[in-house]
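Structure, as structure tokens:
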Amino acid sequence: MVEIPVYLLAQVFLWGLINGSIYVLLAAGLAIIFGVMKVINFAHGELMIIGAYLTFFASLYTGLNPYIAMLISVAGVAGVGVIVQRFGFGKIRGAAKINEIFLSIALILIFQNLMGTLIIPYFKDPVLIKSPLAGKVLRLGIINIRYDFITMIAITWSVMALLFFFLKKTDTGRSMRAVSQNRVAAQLMGVNVDRIDIISFAMGSTLAAVAGSLLGLITPFDPYTGTLPAIKAFAIIILGGLGSVLGAVVGGLIYGIAEGFAVFFLGGAWRDTVAFAILILVLLFRPEGLFREGA
Amino acid sequence: MPGNKGKVGLTKLEMVLAVLFVIALVAAGASWAMPRAAEVQTVTETIVNTVTKTIGPGEVVTETVTQTVEKTLTETVTVAAPTKPPERKIRLGLLTSLTGPAAPLGEDQRRAVEIAVDEINAMGGVFVREFNAFLQIEVFYGDDQTSREGAVSAARKLITQDQVDVIFGGLGSAFGMAALPVIQENKIPYVPTPSTPLFTRTEDLTMLDPEKYMVFHYQATGLMYGAAMADFVVEVIKPILAPDRPLRIAWLYQDSPFGSEYFRGYQLRVEEMNYPLELVYEDKFPVRATDFRAQLTEAFAANPDVLFPIGFLGETIPAVQQAVLEIGFDKSKTHIGPLCACADVVPFYKNLGREAGEYTTLLAPFSTYTQPVKGVTERVQEFRQKYQERYGALPGLLGASAYDAVYIIARAIYLAGTLDKAAIIEALEDVKMDQILLPVKGGKITFDEFNEVEFDLFVTQMFWDETLQELRPKVIWPSELAEAEYIHPS
């Protein structure tokens, strides 16, 4: 049997953790939107890419540090989210699920083509957000880790801590959880569910913007990069328990790490396959996912 | 309260969000729009100027055009002047990606084709005996939308709606192959420019597929590239890194016919030549992958002397950067390359960076910034200059291939003397003409027993240009084409 050095496994675990951080942010955003509104927004990946581009342009043309420029992106994508909610999903809420799916598909095409038309003539190839930490690597013995990755992990978990604080400790957060658990009862208790819908969509979009900005710092992207991550994010929230933010966090990490080890042990062709295989296994033994809704 | 559900007024929070949104859009939009507007204006101006100069009498550029016309006349249409006006045009269908992720490469082909067609039309067109006239060329565009389904629709559109005489071009093997059954069914002459040898060969790649008799493949195939990569590392890298033992090779390639054929070409050559190369790592990655860290970690552990990361530009750049900057590949111990010809475009030189890219190598029959010391230098320079003047950009391999394809088709139509498709197919078999932009074996373009053309591939090495702050290539292999010697980093 071939002996694999521990440092290699540690390095692969680290890559998984980094990818997992992006998944956590993306899936948590989806979990909030689905938890509160029960809508299926496959265009979540495109919101992520809009966020990545806003950070890219803001840092490129204003010279802002991209970690600061990310705030512009967050505000911009939150705005896009509000528009999508008010003039899209908000209008068809309560209609058949197929309507939501087709609205999502329409949004994917609209966003991709809009970005393609506006951006590709000037930036023909995938772009990377230029980080002031680019090329700086922390060498821990034989394990290498870029400072960008450390920053990324720190931002992800800070954002998630803030999110949990917001959901647990603020009135609006509690209202969101109430709507997620029982929309009618929450409404009867005086919660303005339409307002909560808008806030949820804006928050979900905000998390997508952060995910996109962080992704763009470590990986080149183009207008078409968001589709696969969004599909994976859906698989993650199913794995974690539909509508559960905690499930999204745990599911995102499992996915990221499983992908890394699948590639390492089985080869690159298994990257996406193994992640979905885990989903099937979890659903076989725990159909409701890892955590219940509203967790 | 139930009443809350009916009317939705703007709350303070929504107003704050709306204001933030507007600020973000204005900030991002303004910063984005201002510098771009100037660039758009510049490009438009260049195009107008170019057109005026090309068609206007007494302009300096007219000399260049005249020169080109004379040369092309000699090569393609060595006949008397027409005796009656043209009755119809030659209808060529460019099947390529004009929208979708690969659109920039498709745009390169569209531009190069425009130049070729304008050159031929400027000298009167192609003489076709059947009409006893010079016929002008008209190009129709079939956009495969960077998808297989799009390729099928685009091929149908070119055949049924545009009624083209010949289809050519393309960049993604998968898209061209998806369109092939439609083309076969309609028996249209087809000159594809993606790389897979499956365009003309049987599935096992060993012989010409008789059902694909109408296809004449004008691009170096993955098999050719893979073989040349093996030749290069044995000749150049092995004496430096492993003079007394087999050279240790790691392959990381795209999971597609494109990537697999590179690998297969390499394997066949190693077997055929019994090269002392030891494969210590091999894995594939999906198309459009950007995260190679786990695979590179494993490849690194295998301690290779050479790493071949073979993928498209969007895959090559992150793979090389991650290998050097994150995983810790030391270029004095592991040579990275030759990389894929498809990476030889401006963003590669601009974005790869010194630390990751310097001293890596790339294998191609055409280079954006340099050319071999022998062969087609003047014509390439002319084309490059014309392209740059007209579009404010530099052409890539796929553009050059499509440019050549137009001339090859024009030559075949001249030889056929008719626009009958069967006759054009027969004439393509007989084409023998001087190489145009891409260097070919023996300097003559002819289609061999596989309906393929054998190219002279060359390896360039990347060096850092302090003035430009970008990488620039120099041809370093084979020695008869080299402008510099390979430098191994210490």
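Those protein sequences? They're chains A and B, same order as listed. Going by the UniProt record's numbering, the first residue of the first sequence is number 1, and it counts up by one from there. Going by the UniProt record's numbering, the first residue of the second sequence is number 1, and it counts up by one from there. Just so it is clear, CB atoms sit at the ideal spot from N, CA and C, and this is done for glycine as well. For clarity, every value in this text was computed on a predicted model and none was experimentally measured.
Could you name the residues that DSSP lists as bridge partners for residue i?
i, result
"A:Val127", "A:Phe221"
"B:Tyr141", "B:Leu94"
"B:Val475", "B:Thr460"
"B:Asp434", "B:Lys444"
"A:Phe165", "DSSP, once it has assigned bridges, lists no residue as partnering A:Phe165."
"A:Arg139", "A:Asn144"
"B:Tyr190", "B:Ile167 and B:Val215"
"B:Ala133", "B:Val128"
"B:Ala364", "B:Phe458"
"B:Arg201", "B:Leu208"
"B:Glu470", "B:Asp465"
Using a 10 Å radius around the Cβ and a threshold of 16 neighbouring Cβ atoms, would you call residue i buried or exposed?
i, result
"B:Ala37", "Reliability fails at B:Ala37, whose pLDDT of 32 lies under 50, so the model's placement of it is uncertain and the value that follows must be treated cautiously. With fewer than 16 other Cβ atoms within 10 Å, it is exposed."
"B:Lys386", "buried"
"B:Glu70", "Since pLDDT at B:Glu70 reaches only 37, below the 50 mark, its modelled position is unreliable, and no value is offered."
"B:Gly443", "exposed"
"A:Tyr122", "exposed"
"A:Leu25", "buried"
"B:Asp143", "buried"
"A:Trp157", "exposed"
"A:Met70", "buried"
"B:Ala102", "buried"
"B:Arg245", "exposed"
"B:Ile487", "exposed"
"B:Thr316", "buried"
"B:Val373", "exposed"
"B:Pro210", "exposed"
"residue 320 of chain A", "Because residue 320 of chain A is not part of the residues shown, which for chain A are 1 to 295, the question remains open."
"B:Arg201", "buried"
"B:Asn351", "buried"
"A:Gly63", "exposed"
"A:Phe165", "exposed"
Mapping the DSSP letters down to three states, classify residue i as helix, strand or coil.
i, result
"B:Ile409", "helix"
"B:Ala393", "coil"
"A:His44", "helix"
"B:Glu483", "coil"
"B:Asp465", "strand"
"residue 335 of chain A", "In the structure as shown, chain A begins at 1 and stops at 295. Residue 335 of chain A is therefore absent and cannot be evaluated."
"residue 322 of chain A", "Shown here, chain A extends from 1 to 295; a query on residue 322 of chain A therefore has no answer."
"B:Leu339", "strand"
"A:Phe291", "coil"
"A:Arg86", "helix"
"A:Ala134", "coil"
"B:Val126", "strand"
"B:Ala227", "helix"
"A:Glu3", "coil"
"A:Phe234", "helix"
"A:Gly247", "helix"
"A:Arg93", "coil"
"B:Leu208", "strand"
"B:Glu358", "coil"
"B:Arg110", "helix"
"B:Glu326", "helix"
"B:Glu452", "strand"
"A:Arg271", "helix"
"B:Pro181", "helix"
"B:Val345", "coil"
Should residue i be counted as a contact of the ligand HEM given a C-beta to heavy atom distance under 6 Å?
i, result
"B:Leu428", "You won't find the ligand HEM in this model; it holds no ligand whatsoever."
Subject >> Validate contact between the segment 387-401 of chain B and the segment 104-114 of chain B using beta carbons, cut 8 Å, 3 pairs >> reply: yes
Original post:
Going along the chain, which unbroken runs of the beta strand (DSSP E) with 3 or more residues stay wholly within the segment 230-316 of chain B?
Top reply: 247-254, 277-285 and 306-310
Subject >> contact_flag[the segment 34-51 of chain A, the segment 95-109 of chain A] where n(CB pairs < 8 Å) is 3 or more >> reply: Enough Cβ pairs lie closer than 8 Å, so yes.
Original post:
Counting pairs of beta carbons, one from the segment 291-310 of chain B and one from the segment 190-201 of chain B, are three or more of them closer than 8 Å?
Top reply: no
Original post:
Does the segment 235-255 of chain A touch the segment 194-204 of chain A, meaning 3 or more C-beta pairs lie closer than 8 Å?
Top reply: no
Subject >> At least 3 beta-carbon pairs within less than 8 Å: the segment 417-424 of chain B vs the segment 356-365 of chain B >> reply: no
Original post:
Is there contact here, the segment 149-163 of chain B with the segment 177-184 of chain B, by at least three beta-carbon pairs under 8 Å?
Top reply: yes
Original post:
Does the pairing of the segment 344-363 of chain B with the segment 463-483 of chain B give three or more beta-carbon distances under 8 Å?
Top reply: In short, these stretches touch, since the Cβ pair count reaches three.
**OP:** For the segment 206-226 of chain A and the segment 52-59 of chain A, state whether three or more C-beta atom pairs, one from each stretch, are separated by less than 8 Å.
**Re:** Flag = yes, the segment 206-226 of chain A and the segment 52-59 of chain A touch.
Original post:
Can we say the segment 258-271 of chain B touches the segment 290-299 of chain B, given the rule of at least three CB pairs closer than 8 Å?
Top reply: no
Subject >> Contact between the segment 183-190 of chain A and the segment 15-24 of chain A (3+ Cβ pairs under 8 Å) >> reply: No contact exists between the segment 183-190 of chain A and the segment 15-24 of chain A.
Original post:
Touch check for the segment 313-328 of chain B and the segment 263-273 of chain B: three-plus C-beta pairs under 8 Å?
Top reply: Contact fails: fewer than three Cβ-Cβ distances are below 8 Å.
Original post:
If we count Cβ pairs, one from each stretch, closer than 8 Å, do we get three or more for the segment 218-226 of chain A versus the segment 112-131 of chain A?
Top reply: yes
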